[in-house]
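In the numbering used here, the protein residues as written are 1269 to 1446.
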């Protein structure tokens, strides 16, 4: 039983030329080359399943890039109509096939909190009435929570701050003494 047929991609001669240039260019990243291959195969009439099998990709990845191209087709046509030079069209095509912006996870700590945590890590533990000579992650985490710098912090995160504030200098002099 066949599913719905994907929307056909139609490429102009200039778009086809720009895509072929991106395929042949030695400095093209492989992710860009793979995406160009998806668009060229879709323009040749292959469906998403066929393209996915041929390129060793997941069908949903092929569908996503076909859809992204179709959504940008009007903008690419406008660039093509405005500019007679090939470079603006190639740049627009690369922009369509580039990775989308990903914001990532929001920061857990503000810059002020980070500075305060590192400042505590740089203090001697004895200044906080702790009977140890060096901070360990759990004690640092407990201390910054006790001081009200952060509401909560894991020992692992505190350990990262300890790692950051270690001295990068050698513990012994590397210069020969005269």
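Even glycine gets a Cβ: it sits at the ideal position worked out from N, Cα and C.
From a predicted model like this one, the values you see are computed outputs, not experimental measurements.
Measuring straight from C-alpha to C-alpha, what distance separates residue i and residue j?
i            : j            : result
residue 1368 : residue 1287 : 19 Å
residue 1424 : residue 1409 : 9 Å
residue 1417 : residue 1370 : 29 Å
residue 1422 : residue 1379 : 17 Å
residue 1393 : residue 1411 : 9 Å
residue 1334 : residue 1372 : 25 Å
residue 1338 : residue 1375 : 35 Å
residue 1402 : residue 1360 : 55 Å
Check residue i in the structure and name its three-state DSSP category.
i            : result
residue 1289 : helix
residue 1294 : coil
residue 1333 : helix
residue 1323 : helix
residue 1390 : helix
residue 1353 : coil
residue 1367 : coil
residue 1413 : helix
Let me confirm a value: residue i is counted as buried when at least 16 other C-beta atoms fall within 10 Å, else exposed. Which label applies?
i            : result
residue 1316 : buried
residue 1400 : exposed
residue 1272 : exposed
Looking at chain C, is there any beta carbon in it that lies within less than 9 Å of the beta carbon of residue i?
i            : result
residue 1274 : Protein chains in the displayed structure number just one, and chain C is not present.
What whole-angstrom Cβ distance do residue i and residue j have, given they're in contact under 8 Å?
i            : j            : result
residue 1311 : residue 1278 : 7 Å
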